[in-house]
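By our numbering, the letter at position 221 of the sequence shown is numbered 336, and the numbering carries on one by one without gaps. Glycine included, each C-beta is placed from N, C-alpha and C at the ideal position.
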Amino acid sequence: MSEADEGTGTGHPRTALVTGASSGIGEEYARRLAQRGYGLVLVARRRELLESLAEEIRDLYGTSVEVLPADLGSRAGVDAVIGRLTADGTGEHPAVDLLVNNAGRGDGGVFTEQEPADIDAMLDLNVRAVLQLTRAVLPVQIARREAGEKARLGVVTVSSLAGEPAVNPGGSVYGAGKKFLTLWSESVSAEVRGRGVSVTVVLPGFVRTDMTRGVQEKGLPEFAFVPKEHIVRDSLRAWAAGRSHVVPGAQYKTADGLLKVLPRSLVRLVARRMV
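Next up, the structure:
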């Protein structure tokens, strides 16, 4: 199946649910999936931004768009989205063919100076919500496959290359959470592959979004950033091909390769000198 045909594999519209869809990478996922023929469920905290994006996408692509405002850092928000993900297509709402776990926050700082409440909030959004949403949708997708569904089904999770170095001073909680997501996602991918469901984890480097505004203001060279369009393109291609892991951007593929071969002791030594 070609990339352009991903959304029409069975002759009826596919549906993708995108978290953190109101801006940045999530907004780009929404646009590109609509372009490919998917109906959308857009999830984020800010209803007004979601409504504006939904109206624009309907006008441009003529696809259906549901708006689901939810704070995935809260139990109520997660439960609301779980309720949508467990729809199997026999009721009011179409089943979700693709879940894109994109919502997240990038709080950093020295661990002993971070507020405990901020640490909990980041773990709730970056890790717990991702696991709970994925746990909700995968059994439905597996059951649909077993019932004869032919279209591609699965999950794309946005992790980060920040979880790959041996140490990450100033980003210990964020990096550890992303490493957890990467290992977890690749493990789940291996578990469900034989049941006809694709799970892909995406490891971007720096991307120009609201979350990286502080990094951008430090004046990093343009080379350090991968356009969000490339993140979305490469991850959707990887998912369509059934790959469990993708690192967008040639510079970050190289960096990922180096991190795998450099001695951990050397990485630790360099990190200590940078603190």
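Setting aside the 5 residues that flank it on each side, Gly-286 is surrounded in the same chain by Gly-223, Ala-277, each with a C-beta closer than 7 Å to its C-beta; the list follows chain order. For Glu-170, the uninterrupted alpha helix (DSSP H) run begins and ends at 162-176, by DSSP. DSSP places Glu-181 inside the beta strand (DSSP E), whose first and last residues are 180-184. Membership of Val-317 in the beta strand (DSSP E) is indicated by the continuous run 313-317. Sixteen is the threshold: when 16 or more other Cβ atoms of the shown chains lie within 10 Å of the Cβ of Val-288, as they do, the residue is buried.
For Ala-159, the uninterrupted beta strand (DSSP E) segment begins and ends at 154-159. For Val-270, the enclosing beta strand (DSSP E) stretches over residues 269-273. DSSP places Leu-187 in no beta strand (DSSP E); its state is neither H nor E. In the same chain as Gly-192, and ignoring 5 residues on each side of it, the C-beta atoms closer than 7 Å to its own belong to Ala-185, Asp-186, in chain order.
Take Gly-204, set aside five residues on each side of it, and the residues of its chain with a beta-carbon closer than 6 Å to its own are Ala-210, in chain order. Taking a C-beta distance under 7 Å as the contact criterion, Val-242 and Val-270 do not qualify as a contact pair.
Residue environment for Gly-135: buried (at least 16 other C-beta atoms within 10 angstroms of its C-beta). By the C-beta density criterion, Pro-363 is buried, having at least 16 other C-beta atoms within 10 angstroms. Remark: C-beta atoms of Val-156 and Leu-175 do not approach each other more closely than 7 Å.
In this chain, the beta strand (DSSP E) harbouring Val-215 covers 213-216. Thr-227 carries a helical assignment under DSSP once its states are collapsed to helix, strand and coil. Distance from the Cα of Thr-178 is smallest, within the candidate group Arg-129, Glu-207, Arg-220, Arg-161, for Arg-129. A direct Cα-to-Cα measurement between Arg-352 and Val-317 gives close to 11 Å. Under DSSP, the beta-bridge partners assigned to Leu-132 are Val-156, Leu-214.
One Cα belongs to Glu-261, the other to Glu-230, and the distance between them is close to 46 Å.
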